[in-house]
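Trainee:
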Amino acid sequence: MPKDAERAYLANLGAQGVEHSLNKPFSDPECGIHLASIGFIMRLLPPPPARILDLGCGGGWTSIFYARLGYQVTGQDIAPDMIAVARDNARLNVVEPRTDFVCGDFEHLDLNGQYDAAIFFDSLHHAEDEALAIRSAWRALRPGGILITHEPGEGHSQSEESIEAMARFGVNERDMPPHLIMARGREAGFTGFRVLPMPSLLYSTFYQPRDYSGRWLSKRRWKMLARAARMIFQPDVREGAVVVMTK
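Quick note: the sequence shown uses the UniProt record's numbering, first residue 1, plus one each step.
This is the structure we're talking about:
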């Protein structure tokens, strides 16, 4: 079962996995993109000391960043050993007074009306039932609170990395495009919606070295700019994006 596989994920990785989780994002090859993503998300949040629910927090690196900025953070994960790592992370980063961590299934949380914002950072696509997970987030939010998702779009489940993870660990690696997230958000009761480009898309558009033509606005960059604009103005978005929904 995928949920059992999520609970066993860190144990299957072993000591190397614990070290990676404690040092993330700096232990990850995509560290720069992760830092850009978390920075953009911080700019979308209400100002500190708002209460934040970090859903599927894993080893807690995202929770630590929010807490260091001054937020009061609850990190949630389904795996007890991940929660233990997250608590160690908070202690090592001296943010214990601003963090607490709960072990549970984000599809079935009982945290009614306590938070100003909730975040799925690369975690909702591991859900068995994304509708239940989004309803849990809706219930946890105060009126006017926001849910932010940072999730991969269509094709993610068929990537080589996802196929290997599903075969090796038995976890879910699902497509989680914005149009699906927003549909489930409407069903849950969210009313305001924004779709924003992933920082990884902005990087590939603007920051990668020039192509062989040497022109800044090459055909490739025009296509990337069109993709970014389409996310903002077209409701049926199918690639990975940041989605902001208001209760």
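Note that CB positions come from ideal geometry on N, CA and C, so glycine has one too. Please read these numbers as outputs of a predicted model, since none were measured by experiment.
Return the chain-ordered ranges of every alpha helix (DSSP H) run that is complete within the stretch 60 to 120 and spans a minimum of 4 residues.
Mentor: Entirely contained in the stretch 60 to 120, the alpha helix (DSSP H) runs reaching 4 residues are, in chain order, 61 to 68, 80 to 92.
Trainee: Expressed to the nearest angstrom, what Euclidean distance is found between the alpha-carbon atoms of residue 50 and residue 77?
Mentor: If you take the alpha carbons of residue 50 and residue 77, they lie about 20 Å apart.
Trainee: Since residue 63 and residue 86 should fall inside the 8 Å C-beta cutoff, what is the C-beta to C-beta distance between them, to a whole number of angstroms?
Mentor: Contact flag correct, Cβ pair sits at about 6 Å.
Trainee: Sort 54, 125, 91 by Cα distance to residue 178 and report the nearest one.
Mentor: Ranking the options by Cα distance to residue 178, first place goes to 125.
Trainee: Can you tell me whether residue 307 is buried or exposed? The criterion is at least 16 other CB atoms within 10 Å of its CB, across all chains shown.
Mentor: Outside the displayed span of the chain (1 to 247) sits residue 307, for which this structure offers no information.
Trainee: Given residue 68, which residues of its chain have a CB within under 8 Å of its CB, disregarding the five upstream and five downstream residues?
Mentor: Contacts found: 93, 95.
Trainee: Using the Cα positions of residue 246 and residue 73, report the straight-line distance between them to the nearest angstrom.
Mentor: Cα-Cα distance, rounded: 19 Å.
Trainee: In three-state terms, what does DSSP make of residue 47?
Mentor: It is coil, neither helix nor strand.
Trainee: Spatial neighbours of residue 136 within its chain, please: C-beta separation below 7 Å, excluding the five flanking residues on both sides.
Mentor: Excluding positions up to five away in sequence, the list reads 106, 107, 108, 109.
Trainee: Can you tell me which of 183, 59, 241, 8 puts its alpha carbon nearest to the alpha carbon of residue 131?
Mentor: The candidate whose alpha carbon is nearest that of residue 131 is 183.
Trainee: Using 8 Å for Cβ pairs, my map puts residue 166 next to residue 160. What's the rounded Cβ distance?
Mentor: Residue 166 to residue 160, Cβ: 11 Å. No contact.
Trainee: By Cβ distance, which residues of its chain are closer than 6 Å to residue 112, with the 5 residues on each side in sequence left out?
Mentor: The residues are 139.
Trainee: Where does residue 183 sit, in a helix, a strand or coil, going by DSSP?
Mentor: Residue state, collapsed to three classes: helix.
Trainee: Return helix, strand or coil for residue 193, following the three-state DSSP convention.
Mentor: Strand at residue 193.
Trainee: Straight-line CA distance for residue 122 to residue 142?
Mentor: Those two C-alpha atoms are separated by around 23 Å.
Trainee: Where does residue 145 fall in DSSP's three states?
Mentor: If DSSP states are grouped into helix, strand and coil, residue 145 belongs with the strands.
Trainee: So the candidates are 208, 203, 104, 175; which of them puts its Cα closest to the Cα of residue 238?
Mentor: Looking at the Cα atoms, 175 is the closest of the given residues.
Trainee: Just grab the DSSP bridge partners of residue 243 for me.
Mentor: Residue 243 pairs with 149, 195.
Trainee: Find the nearest neighbour of residue 189 within the set 145, 150, 200, judged by alpha-carbon distance.
Mentor: Ranking 145, 150, 200 by Cα distance to residue 189 puts 145 first.
Trainee: Considering only DSSP beta bridges, list what residue 52 is partnered with.
Mentor: Note: residue 52 sits in a beta bridge opposite 73, 117.
Trainee: Excluding five sequence neighbours on each side, which residues of the same chain lie with their C-beta closer than 8 Å to the C-beta of residue 156?
Mentor: 125, 162, 173, 174, 175, 176, 240.
Trainee: Rounded to whole angstroms, what's the CA-CA distance from residue 101 to residue 16? Just pull it up for me.
Mentor: One C-alpha to the other measures close to 22 Å.
Trainee: Give me the Cα-Cα distance between residue 57 and residue 147, rounded to the nearest whole angstrom.
Mentor: Spanning the two alpha carbons is a distance of roughly 15 Å.
Trainee: Distance, Cα to Cα, residue 164 vs residue 98?
Mentor: Residue 164 and residue 98: Cα-Cα distance of roughly 37 Å.
Trainee: Helix, strand or coil for residue 161, going by three-state DSSP, please let me know.
Mentor: Residue state, collapsed to three classes: helix.
Trainee: Taking the beta carbon of residue 12 as the centre, do at least 16 other beta carbons fall within 10 Å, making it buried, or is it exposed?
Mentor: Exposed.
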